[in-house]
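There are 4 protein chains.
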Amino acid sequence: MAGTRREPDAGVGKRGRPRSEQSHIAVLRATSELLHEVGLRAMTTEEIGARSGVSKATIYKWWPNKYAVAAEAFLSEMMAEWPDPDTGSATTDLLLALRGLTAFYSGANGRVFAELIGEAPFDLTVRTELHKNLVLAHRDVIKRVWARGVATGEFRPDIDPDDAIDLLIGPLLYRRLLGHPHLDGASADTLVEITMLGLSAAK
Amino acid sequence: MAGTRREPDAGVGKRGRPRSEQSHIAVLRATSELLHEVGLRAMTTEEIGARSGVSKATIYKWWPNKYAVAAEAFLSEMMAEWPDPDTGSATTDLLLALRGLTAFYSGANGRVFAELIGEAPFDLTVRTELHKNLVLAHRDVIKRVWARGVATGEFRPDIDPDDAIDLLIGPLLYRRLLGHPHLDGASADTLVEITMLGLSAAK
Amino acid sequence: MAGTRREPDAGVGKRGRPRSEQSHIAVLRATSELLHEVGLRAMTTEEIGARSGVSKATIYKWWPNKYAVAAEAFLSEMMAEWPDPDTGSATTDLLLALRGLTAFYSGANGRVFAELIGEAPFDLTVRTELHKNLVLAHRDVIKRVWARGVATGEFRPDIDPDDAIDLLIGPLLYRRLLGHPHLDGASADTLVEITMLGLSAAK
Amino acid sequence: MAGTRREPDAGVGKRGRPRSEQSHIAVLRATSELLHEVGLRAMTTEEIGARSGVSKATIYKWWPNKYAVAAEAFLSEMMAEWPDPDTGSATTDLLLALRGLTAFYSGANGRVFAELIGEAPFDLTVRTELHKNLVLAHRDVIKRVWARGVATGEFRPDIDPDDAIDLLIGPLLYRRLLGHPHLDGASADTLVEITMLGLSAAK
DNA sequence: CGCTAACCGAGACGGTACGTCCAGTCTTGCT
DNA sequence: AGCAAGACTGGACGTACCGTCTCGGTTAGCG
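Chains as they are written, first to last, in this note's numbering: chain A, 1 to 203; chain B, 1001 to 1203; chain C, 2001 to 2203; chain D, 3001 to 3203.
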């Protein structure tokens, strides 16, 4: 994947000892473990090194700080985990997709996710990684479902899809960060259903 | 206000020199300045002390750590700043209230707010302060408007008001934290309007 | 003593917690031990801290680096260790003083001394400390003896005392650093005697 | 020359590419430059490699560490630089030889020399190199002059030549390392003259 | 009106992680 | 083989900040 980590020289050809992919993976795995065991802030670069058997110098060679490592470690795990349900009914698909998101938010990964969001305002790397590799992935699934729903006439065609997505995901994130953090599928369903019908009493 | 800061002994009687209210205020003011100038993380307790002329020991006597100071400093500023518009039309009021929230999110205070949200997962004090003194204030305004709208028949009476609030605020927070951070009133209006009408094409 | 270590503020009066003299002493003692056990280069600041129970931060607060600590630790031990023999005969006194110096050079402290001399070209603090607190002490003893010898008519009165001192100490240092490092009293005596009589065959 | 650097395999035969003499010279030249520009300690192996176009691995193949490289680089420059004056008068010759030594000590090379002496206690290679290739060279010149002076009756025949040499060189080194480091020819002359006549007032 | 508890500013301290630096070793592919 | 390029381990370095701890001095309000 990459993007977080500093790119190799990539100059003339392939001179010099190549980067050890094994070390790379060991670092990501160790970091991932630590993220779940002790959390983003309590985790130290030293400990990542010790657990992965990779020296601190090497870690700092490829990542600017532990947050960048964490972002890559966490997000590389998340990749390709967001299947599009495609049941035939766009409405059902939407429900399923958002239930999936809810499960993510309320699970162990959701805690790490919240910690990374907290780091984002202070760290550009985390911010861009998070956006590129997770936020967009979430949105893409919904965007596809949305397109199908518009095609089938289930969803309003006059709405900017990005607005629709914000309306669907936003409430879940809000609950995760500022409300009752233990979401369940049922409450997700309720929120989606209301969003579909609207708040207005007007017919 | 408070609750964040440690309460004075208050038990034995009232002997001895009382807490200096002047120091208290100076700390909050200095902290508030620093929050805007350098941000939550970069700000140090040392610097708060230096700028306010209050010693570090005194700061730690009254607050558990710099995040608690920050929370109190920030939130005491925010108090009583959320007027209920009450124009007669609940729909208009809702629009106005959410525009106000949008302005807050996208302004200088919004940045500090985002930083505090980032601290919340790691710090119970921040979490509860934030909730008690800001989140609930935001919700209360909307809750009142909502009640009026239900009474006037503008809003659906069959929805849990808390769900409605989540649906209205959530998308704004989502944009603030993970999307285009420069929200404007117009896009807030759009989101609210769509939320009112719903996403479904069904009549 | 001091001079090596950074001086306290010494400003208005005596505000603030005073420097812990206990920590100061513990650091010097630990350093002194380490100097003899592992030598100047192999000794680490970390280890000084661990052994003395003083934190690294505190050490760096008072000394710029481990070499300055070593200089102070070593030299504070050496202080007031250079008694003037004063037997009545200046010639005898000279012999005794230079035997003492030889013993110092060839003993355990001589090794540390040589290591510090090696650091001097790279470190101003070490250089000045060494000069102020050891070199001058050595020279002073001899200078006093020299004055007596001139008064008694034993030594040539037409020689700059500093030249005389250089001629007497120089060969010992040379042997210590570049020749056979295990000097003994007898060879010191020989060198001094020759220096007294001169190399020239001319009467 | 050498002895410092590891000898090539030379056992099995002469298979494979022979050692590049060009690299060898480039390393020594680069090291020599760095020794004068930044000094022994500040100079890094990395930089020697970069400047000479020789890889670090190659350097470590032929020398045990940077101090050994420095010793060879410095000393190979010094070789055959110590001409015996031989004017006819041994006394004059002695003066000239020691003026030469003084000039060396007080010049740019003297600084490097002092730095190498500082390394000697920690590094056997440096120690032996220094002794073999510089100290002995210095002493040899004087030793030859001394022999002539004894033969001509100018110098005392009852003194161990090595003692005489120590007495003559020692004071210069002492001044270089622990006293006023800017020696000049005149002060060297003074020291030698006093050494010749002796310090004693006795006839 | 003086005593005394509690406050407060200054600043030293232990602890802990940080990110950097360099030595010395190892692994590629080119020559 | 020798060698340049350059990744890697190991470990010390010096810095920064947190939260705690003395000091000496100050300031109410009880007695």
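Here a beta-carbon is modelled for each residue, glycine too, at the ideal position from N, C-alpha and C.
* To do: Give me the Cα-Cα distance between residue 2200 of chain C and residue 2126 of chain C, rounded to the nearest whole angstrom.
  => For the purposes of this step, residue 2200 of chain C is taken as the residue at position 200 of the third sequence. For the purposes of this step, residue 2126 of chain C is taken as the residue at position 126 of the third sequence. Rounded to the nearest angstrom, the two C-alpha atoms are 39 Å apart.
* Could you tell me whether the Cβ atoms of residue 3176 of chain D and residue 3105 of chain D are closer together than 8 Å? => Within the fourth sequence, the letter at position 176 stands for residue 3176 of chain D. Within the fourth sequence, the letter at position 105 stands for residue 3105 of chain D. Taking 8 Å as the Cβ cut-off, residue 3176 of chain D and residue 3105 of chain D qualify as a contacting pair.
* Starting from residue 3113 of chain D, follow its DSSP beta bridges and name the residues at the other end. => Counted from its first residue, the fourth sequence places residue 3113 of chain D at position 113. Looking at the DSSP assignment, residue 3113 of chain D forms no beta bridge with any residue, so it has no partner.
* To do: With DSSP collapsed to three states, give me the class of residue 1020 of chain B.
  => Your numbering for residue 1020 of chain B matches position 20 in the second sequence. Reduced to three states, the DSSP call for residue 1020 of chain B is coil.
* **6 Å Cβ shell around residue 3024 of chain D - same chain, five flanking residues per side excluded** => Numbered from 1 along the fourth sequence, position 24 holds the residue referred to as residue 3024 of chain D. Cβ within range, chain order: n/a, list empty.
* Hey, is residue 2154 of chain C's beta-carbon within less than 8 Å of any beta-carbon in chain D? -> As a first step, residue 2154 of chain C is located in the third sequence; it is residue number 154 there, counting from the start. Yes, residue 2154 of chain C counts as interfacial toward chain D.
* **Helix, strand or coil at residue 3089 of chain D according to DSSP, with G and I counted as helix** => Residue numbering aside, residue 3089 of chain D sits at position 89 when the fourth sequence is read from its first letter. Residue 3089 of chain D falls in the coil class under three-state DSSP.
* For residue 3055 of chain D, which of helix, strand or coil comes out of DSSP? -> For the purposes of this step, residue 3055 of chain D is taken as residue 55 along the fourth sequence, with counting starting at 1. Correct three-state label for residue 3055 of chain D: coil.
* To do: Would you check if the region 1040-1060 of chain B and the region 1083-1096 of chain B touch, i.e. whether three or more CB-CB distances between them fall below 8 Å?
  => no
* Report yes if the C-beta distance between residue 1171 of chain B and residue 93 of chain A is below 8 Å; otherwise report no. => The count along the second sequence starts at 1 and reaches residue 1171 of chain B at position 171. The count along the first sequence starts at 1 and reaches residue 93 of chain A at position 93. Contact flag unset, no.
* Asked: So which residues of chain B does residue 164 of chain A contact, with C-beta pairs closer than 9 Å?
  -> Locating residue 164 of chain A in the first sequence gives position 164, where the first residue counts as 1. 1194, 1199, listed in chain order.
* Buried/exposed call for residue 182 of chain A, threshold 16 Cβ in 10 Å -> Position 182 of the first sequence, counted from the first residue, corresponds to residue 182 of chain A. Under this definition residue 182 of chain A is an exposed residue.
* Asked: What residue does the alpha helix (DSSP H) around residue 1193 of chain B start on, and which one ends it?
  -> Counting from 1 along the second sequence, the entry for residue 1193 of chain B is found at position 193. Segment 1185-1197, the alpha helix (DSSP H) holding residue 1193 of chain B.
* Asked: Is residue 3115 of chain D near residue 3040 of chain D, with beta carbons less than 8 Å apart?
  -> Reading the fourth sequence from its first residue, position 115 is the one you call residue 3115 of chain D. Reading the fourth sequence from its first residue, position 40 is the one you call residue 3040 of chain D. Taking 8 Å as the Cβ cut-off, residue 3115 of chain D and residue 3040 of chain D qualify as a contacting pair.
* Contact under 8 Å by Cβ, residue 2044 of chain C with residue 2069 of chain C -> In the third sequence, counting from the first residue as 1, residue 2044 of chain C sits at position 44. In the third sequence, counting from the first residue as 1, residue 2069 of chain C sits at position 69. Result no, Cβ atoms of residue 2044 of chain C and residue 2069 of chain C do not sit closer than 8 Å.
* Using a Cβ-Cβ cut-off of less than 7 Å, list which residues of the region 63-82 of chain A approach chain B; keep chain order. => none
* To do: Spell out whether any CB of chain D is found under 8 Å from the CB atom of residue 2105 of chain C.
  => Here residue 2105 of chain C refers to the residue found at position 105 when the third sequence is read from its first residue. For residue 2105 of chain C, the answer is no, since every Cβ of chain D falls outside 8 Å of its Cβ.
* Proximity to residue 3113 of chain D [Cα-Cα], best of D/3075, D/3064, D/3161, D/3198 -> Taking the fourth sequence and counting its residues from 1, the one referred to as residue 3113 of chain D is at position 113. Of the candidates D/3075, D/3064, D/3161, D/3198, the one whose C-alpha sits nearest the C-alpha of residue 3113 of chain D is D/3075.
* Terminal residues of the alpha helix (DSSP H) in which residue 1161 of chain B lies -> For this step, residue 1161 of chain B is matched to residue 161 along the second sequence. Where residue 1161 of chain B is concerned, the enclosing alpha helix (DSSP H) stretches over 1161-1178.
* Asked: In whole angstroms, what is the alpha-carbon distance linking residue 2159 of chain C and residue 2173 of chain C?
  -> The residue labelled residue 2159 of chain C in the question sits at position 159 within the third sequence. The residue labelled residue 2173 of chain C in the question sits at position 173 within the third sequence. Each residue's alpha carbon lies about 21 Å from the other.
* What's the gap between the Cα of residue 3185 of chain D and the Cα of residue 3193 of chain D? -> What you label residue 3185 of chain D is simply residue 185 of the fourth sequence in a count that begins at 1. What you label residue 3193 of chain D is simply residue 193 of the fourth sequence in a count that begins at 1. Between residue 3185 of chain D and residue 3193 of chain D, the C-alpha separation is close to 12 Å.
* Start and end residues, alpha helix (DSSP H) containing residue 74 of chain A -> Position 74 of the first sequence, counted from the start, is the residue given in the question as residue 74 of chain A. Where residue 74 of chain A is concerned, the enclosing alpha helix (DSSP H) stretches over 66-78.
* Asked: What does residue 3115 of chain D reach in chain C if we use C-beta pairs closer than 9 Å?
  -> Within the fourth sequence, residue 3115 of chain D is the residue found at index 115, counting from 1. Going along chain C in sequence order, the residues near residue 3115 of chain D (Cβ under 9 Å) are 2118, 2121, 2122.
* Pick out whichever of B/1156, B/1161, B/1169, B/1163 has its Cα sitting closest to the Cα of residue 1197 of chain B. => Along the second sequence, read from residue 1 onward, the residue named residue 1197 of chain B stands at position 197. Checking every option, the nearest Cα to that of residue 1197 of chain B belongs to B/1156.
* Report the option in C/2195, C/2060, C/2027 whose CA atom is closest to the CA atom of residue 2163 of chain C. => Within the third sequence, the letter at position 163 stands for residue 2163 of chain C. It is C/2195.
* **Option in B/1111, B/1038, B/1082, B/1118 with minimal Cα separation from residue 1101 of chain B** => For the purposes of this step, residue 1101 of chain B is taken as the residue at position 101 of the second sequence. Taking only the C-alpha atoms, the option nearest residue 1101 of chain B is B/1082.
* **Straight-line Cα distance separating residue 2028 of chain C from residue 2057 of chain C** => Numbered from its first residue, the third sequence carries residue 2057 of chain C at position 57. Numbered from its first residue, the third sequence carries residue 2028 of chain C at position 28. If you take the alpha carbons of residue 2057 of chain C and residue 2028 of chain C, they lie about 15 Å apart.
* Asked: Can you list the residues of chain A that residue 1175 of chain B reaches, using a CB-CB cut of under 8 Å?
  -> Indexing the second sequence from 1 puts residue 1175 of chain B at position 175. Chain A residues near residue 1175 of chain B: 166, 170.
* Asked: Cβ atoms of residue 1136 of chain B and residue 1120 of chain B: under 8 Å apart, would you say?
  -> Residue numbering aside, residue 1120 of chain B sits at position 120 when the second sequence is read from its first letter. Residue numbering aside, residue 1136 of chain B sits at position 136 when the second sequence is read from its first letter. No, these two residues do not count as a Cβ contact at 8 Å.
* Asked: Under 9 Å Cβ-Cβ, which residues of chain A neighbour residue 1191 of chain B?
  -> Within the second sequence, residue 1191 of chain B is the residue found at index 191, counting from 1. Those are 163, 166, 167, 170, listed as they occur along chain A.
* To the nearest angstrom, how far is it from the Cα of residue 2148 of chain C to the Cα of residue 3099 of chain D? -> Along the third sequence, one-based indexing puts residue 2148 of chain C at 148. Along the fourth sequence, one-based indexing puts residue 3099 of chain D at 99. Straight-line Cα distance between these residues: approximately 32 Å.
* In the DSSP assignment, what residue or residues form a beta bridge with residue 1200 of chain B? -> On the second sequence, position 200 is the one that residue 1200 of chain B refers to. Per DSSP, A/155.
* Asked: Quick one: what's got a C-beta closer than 7 Å to residue 3035 of chain D's C-beta in the same chain, skipping five residues either side?
  -> Translated into positions along the fourth sequence, residue 3035 of chain D becomes position 35. Excluding positions up to five away in sequence, the list reads 3043, 3070, 3073, 3074, 3112.
* residue 2154 of chain C, buried or exposed, once every other Cβ within 10 Å from all chains shown has been counted against 16 -> Sequence index remark: in the third sequence, residue 2154 of chain C carries index 154 (1-based). Its Cβ being crowded by 16 or more others within 10 Å, residue 2154 of chain C is buried.
* To do: Inspect the beta-carbon positions of residue 3132 of chain D and residue 3161 of chain D and report whether they are closer than 8 Å.
  => For this step, residue 3132 of chain D is matched to residue 132 along the fourth sequence. For this step, residue 3161 of chain D is matched to residue 161 along the fourth sequence. Going by C-beta atoms, residue 3132 of chain D is not nearer than 8 Å to residue 3161 of chain D.
* **Pair within 8 Å by beta-carbon distance, residue 2097 of chain C and residue 2145 of chain C** => As a working mapping, residue 2097 of chain C is identified with position 97 in the third sequence. As a working mapping, residue 2145 of chain C is identified with position 145 in the third sequence. Yes. Within cutoff.
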